[in-house]
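Encoded as structure tokens, the structure appears first; notes follow it.
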Amino acid sequence: MNDFSISMALVDYIPVILFFFASAILMRDLYNQMTKAAFALFAAGSLNITIAGALKATWKLLYAAGVCNFEALDHMFFPVQSLGFLLAGAGMLMMLFKNPNKALAAVAPPIFSGTFVFVGLMVAGLGIMDAVLCILAVKLKKPWVIALLTLSFVCSLGMGYLSSQDFAEASMNWIAEGVNVVGQGTLLLSVVLLDKNGLADLKIHRGEEV
């Protein structure tokens, strides 16, 4: 039996909200830098990630409140979120290339066969996103933001490990939620700092700011 509490379920919404705001800022700032295809991939991926996280948190809340055990909301988490990270990462990568086909060629098509693959795709997609954001941080002459992005990525790797553990234990859920909050919190902080330092005005392919 899963050992969920209502407070635990509510905390699970926090990283979802943090990621939502981070992705919203990126979509606003980078809209003019992306082709329509790249923006569509990033937006669709971000939406997948947000929805998957929100539905899993809702599953926990329904379970903890004794309403029902809507297992489908939990089972769809890895497929939807991992595909979301892959799409978002591909969109970010395409933005760096004047020829988007080069970016698409660098991203392998997803193959779904088990939780490990989903975790791998999730980490790969987020890794691409963080790598692109690190490049943008250097272009904005704010290399220290890379430290925050690195912490965010390390937390994501930790979530990949924790996903293989027994989540029937309340302690494991609290640890995972704490790691996730830190990871998404540092991602949001990184994006806000890049936004405040001129991300929206950065000319990526010219290598200079307006």
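First residue of the sequence shown: 15, per this note's numbering; consecutive thereafter. Yeah, the Cβ is synthetic: ideal placement off N, Cα and C, and Gly gets one too.
Length of the line joining the Cα atoms of residue i and residue j
i	j	result
residue 101	residue 30	17 Å
residue 210	residue 197	20 Å
residue 95	residue 217	30 Å
residue 167	residue 78	30 Å
residue 164	residue 173	14 Å
residue 106	residue 152	16 Å
residue 65	residue 48	23 Å
residue 159	residue 18	35 Å
residue 148	residue 53	19 Å
residue 85	residue 187	17 Å
residue 46	residue 83	43 Å
residue 134	residue 146	18 Å
residue 185	residue 89	21 Å
residue 136	residue 42	23 Å
Buried versus exposed call for residue i [16 or more other C-beta atoms within 10 Å across all chains shown]
i	result
residue 155	exposed
residue 63	buried
residue 50	exposed
residue 215	exposed
residue 81	exposed
residue 20	exposed
residue 191	buried
residue 170	buried
residue 194	buried
CB contact flag (residue i, residue j, <8 Å)
i	j	result
residue 99	residue 139	yes
residue 23	residue 75	yes
residue 202	residue 58	no
residue 207	residue 150	no
residue 67	residue 92	no
First through last residue of the alpha helix (DSSP H) which encompasses residue i
i	result
residue 21	20-25
residue 108	91-109
residue 46	Premise fails: residue 46 is in no alpha helix (DSSP H) and is neither H nor E.
Nonlocal neighbours in the same chain, by C-beta distance under 7 Å from residue i, ignoring five residues either side
i	result
residue 87	69, 70, 72 and 73
residue 40	205
residue 25	191
residue 162	200, 203 and 204
residue 157	151
Other residues of its chain near residue i: CB distance less than 8 Å, five sequence neighbours each side excluded
i	result
residue 143	99, 102, 103 and 106
residue 61	98
residue 55	101, 102, 104, 105 and 108
Cβ shell of residue i (< 6 Å), same chain only, five flanking positions each side left out
i	result
residue 27	71
residue 44	none
Short CB-CB distance (under 8 Å) between residue i and chain B
i	result
residue 76	The displayed structure is made up of one protein chain only, and chain B is not part of it.
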